[in-house]
Amino acid sequence: MHIKKRIIAANWKSQLTFKQTTVLCENNAQSFIALASTPYAELALFPSYESLFGMNTLFADTNVAYGAQNCSAYQLGAYTGEVAAQSLAELGCTYTLVGHSERRLYAKEDDATIALKMERLLEVGVQPIVCVGETRAEHEAQATKAALERQLMPIFERLVMSQAKKPAICIAYEPVWAIGTGLVPQQEYIVDIIAWLSSTCAAAVPTASYRFLYGGSITVHNASSIAMLPGLDGLLIGSASLDFQNLQKIVSSLC
Ligand code: PGA
């Protein structure tokens with residue numbers, strides 16, 4: 677029987693220092709590797725930039741995937757403070773997040789810039805996880821699909837121009853009002869949005885391949901029921917992924 681591997685993406689945000697991340701990964705390296713070798717989950721860790729070299733040392737040539745939480749919208753050049761996608765590829769990143777709502781809110785990243793970041797990643801063979809989601813106000817105004825469409829339009833434009841034969845991206849649907857709040861949408865709501873995203877993406881750029889994640893207030897208790905929803909390929913998990921035991925419980929709950 678074919679077992680569908682669910683992506684379990686752990687977004688550690690800026691919650692841990694370099695030393696704390698090193699301790700977490702070194703103390704649990706073998707357990708991370710064991711967890712990433714289960715047939716029903718693909719584990720991807722997203723530490724801060726400064727820990728990526730250490731991830732490479734610990735997890736290169738293992739099943740533990742990792743990536744950055746952001747990248748430069750530019751290629752190499754005179755862009756002070758930026759981290760180029762090319763470096764992320766050299767560090768062995770399988771994935772990288774772009775457009776997380778905290779980047780949109782605090783760093784004022786707009787939809788066009790996020791699409792450029794996705795394009796940089798595709799150029800170097802790092803799979804983008806493009807985060808989209810409506811704000812609480814948009815949700816209350818029943819404008820979720822309009823917000824998602826607006827966020828995705830520049831993504832589609834760049835995907836069409838991609839040199840890759842079949843560009844592969846993940847779309848993480850993260851309602852902003854569900855991130856870090858303990859609020860989780862009704863399951864029917866998630867299923868409806870994912871089905872709509874899937875048909876919208878396939879219609880817009882049929883040559884690309886897509887996987888869909890859900891993120892926002894995932895816990896040990898709700899992870900498996902949400903991960904198994906039709907159309908979903910995995911979860912993007914913030915605070916619940918910071919504790920190794922929790923992460924282990926989440927992965928085990930998927931079997
Ligand atoms: P949360 O964060 O799981 O803590 O709600 C999810 C995210 O921001 O990706």
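Just add 676 to wherever you are in the sequence shown, counting from 1, and you've got the working numbering.
Built from N, CA and C at the ideal position, the CB exists for glycine as well.
Per DSSP, the unbroken beta strand (DSSP E) holding residue 803 starts and ends at 803-808. Burial check for residue 904: the Cβ neighbour count within 10 Å stays below 16, so the residue is exposed. For residue 804, the number of other beta carbons within 10 angstroms of its own is at least 16, and it is reported as buried. Three or more pairs of CB atoms, one per stretch, sit closer than 8 Å, so the stretch 831-839 contacts the stretch 877-896.
Bridge partners of residue 929 according to DSSP: none are assigned. Within the model, the alpha-carbon separation for residue 838 versus residue 767 is close to 23 Å. The beta-carbon separation of residue 860 and residue 898, rounded to 6 Å, stays under the 8 Å limit for a contact. For residue 912, the shortest separation between its Cβ and any heavy atom of the ligand PGA lies below 7 Å. Per DSSP, residue 774 is one residue of the beta strand (DSSP E) stretching across 771-774. Within 10 angstroms of the beta-carbon of residue 865 lie fewer than 16 other beta-carbons, which makes it exposed. Around the Cβ of residue 875, a 10 Å sphere holds fewer than 16 other Cβ atoms; the residue is exposed.
For residue 894, the shortest C-beta to heavy atom distance toward the ligand PGA is below 7 Å. Around the C-beta of residue 723, 16 or more other C-beta atoms lie within 10 Å, and the residue is accordingly described as buried. Using a Cβ distance threshold of 8 Å, residue 753 and residue 720 do not count as a contacting pair. Judged by the Cβ position, residue 850 qualifies as a neighbour of the ligand PGA at the 7 Å threshold, a heavy atom of the ligand being closer than this. The stretch 818-859 is shown to contain whole beta strand (DSSP E) runs of 3 or more residues at 844-849, in chain order.
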